[in-house]
Amino acid sequence: MDTISCGSTIAFATYLSDTGKAEYGLQWNDPDRVIDLIHAIARRQGIGNVLAEGSLNLGKKLRVEDSVLHVKGLEIPNHDPRAFSGMTTVYTMASRGATHLEGDMYSVDMGADVRELGITSGDRLENEGKGRIAARAQDFRSFCDSIIICHFAIVPPRTIVELLNLAIGTSYHLEDILRIGARVVTMKRLFNLRCGLKPQDERLPRLFLTPHAESVTDDFVPDVDLQLQDYYEYRNWDRDTGKPRDEALRELEIDFK
2 MDTISCGSTI
12 AFATYLSDTG
22 KAEYGLQWND
32 PDRVIDLIHA
42 IARRQGIGNV
52 LAEGSLNLGK
62 KLRVEDSVLH
72 VKGLEIPNHD
82 PRAFSGMTTV
92 YTMASRGATH
102 LEGDMYSVDM
112 GADVRELGIT
122 SGDRLENEGK
132 GRIAARAQDF
142 RSFCDSIIIC
152 HFAIVPPRTI
162 VELLNLAIGT
172 SYHLEDILRI
182 GARVVTMKRL
192 FNLRCGLKPQ
202 DERLPRLFLT
212 PHAESVTDDF
222 VPDVDLQLQD
232 YYEYRNWDRD
242 TGKPRDEALR
252 ELEIDFK
């Protein structure tokens, strides 16, 4: 059971109860009830049988799909793109939907950049250049996943490469990190496109395109189109079809037909 999806689905069900859109008898600040619901979901008993299918299924069932906080069916984690602009690109372009594990732009936006790889922090409430930086962060994390290293392990990239070479007898260099990561990202992209992915699926829920009610981020909202244009140009992908161009595939030595 995924903690983020489970918590988000229970929160959505509570929101529906609170706003009178469903009769689940749920209310905020009731941890004991939440624990009961987790067990009900695991056993698929009562309301748990419905919640076990996730937020999007619940939204479709009650015809309130536009209120669901998801991208491509996956619930959004606790990193609001209105506070961490770079998460806009990460959520919309991650291969499996709204995950923070395919690019930690929230930490980059807070100053934890990786300058050796051109992953530099900027104003967390800006859109300019975020798509390109997010793509690099995505490549770096794809590389980390490939060699099975925790994202929380703060190890200099050059050291990672040196340790990898010592471990498996290779001669990789620092500049290979982003290229290997880009191959991973691109291959997952090709797989998703073959499975029916459409560029129209790359969007944020409408809530995140509305300023925060308490103006805690100076009414900032992410510019999805601007960030994705930056991302697509960096990747050399076609914006209309969502497909990597032939030149991009040749550069990464991917033979895809």
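Residue numbering for the sequence shown follows my numbering, starting at 2 and increasing by one per position.
Every residue gets a Cβ at the ideal spot worked out from N, C-alpha and C, and that includes glycine.
**Study point:** Whole-angstrom C-beta distance between GLY60 and GLU66, which should lie under 8 angstroms
**Key:** With 8 angstroms as the limit, GLU66 and GLY60 qualify as a contact, their Cβ atoms being about 4 angstroms apart.
Check your understanding: Could you give the distance in angstroms between the alpha-carbon of ALA138 and the alpha-carbon of GLU176?
Key -> Rounded to whole angstroms, ALA138 and GLU176 show a C-alpha spacing of 14 angstroms.
**Study point:** Beta-carbon spacing of ILE134, VAL109 below 9 angstroms
**Key:** In this structure, the beta-carbon distance from ILE134 to VAL109 falls below 9 angstroms.
Review point. Is the distance from the Cβ of VAL69 to the Cβ of LEU52 below 9 angstroms?
Key: The Cβ atoms of VAL69 and LEU52 do not sit closer than 9 angstroms to each other.
Exercise for review: Run the CB neighbour count on ASN128, radius 10 Å, all protein chains shown included, and call it buried at 16 or more, exposed below.
Suggested key: A residue is called buried once 16 or more other Cβ atoms fall within 10 Å of its Cβ, and ASN128 is buried on that count.
Review point. Rounded to a whole number of angstroms, what is the C-alpha to C-alpha distance between THR4 and ARG45?
Key: Rounded to the nearest whole angstrom, the C-alpha separation of THR4 and ARG45 is 16 angstroms.
Practice item. Would you list the one or two residues that DSSP bridges to LEU75? Key: Partner(s): VAL72.
Check your understanding: Rounded to a whole number of angstroms, what is the C-alpha to C-alpha distance between LEU126 and ASN237?
Key -> Spanning the two alpha carbons is a distance of roughly 26 angstroms.
Exercise for review: Specify, as a first and last residue, the run of the alpha helix (DSSP H) that PRO158 falls within.
Suggested key: Boundaries of the alpha helix (DSSP H) harbouring PRO158: 158 to 169, taken from the DSSP string.
Review point. Using the rule of at least 16 other Cβ atoms within 10 Å of the residue's Cβ for burial, across every protein chain shown, is ILE11 buried or exposed?
Key: By the 10 Å Cβ count, ILE11 comes out buried.
Practice item. Kindly list the residues whose CB is nearer than 6 angstroms to the CB of PRO157, restricted to its own chain and excluding five residues on each side of it in sequence; keep chain order. Key: Closer than 6 angstroms at the Cβ level, and outside the excluded window around PRO157, lies no residue.
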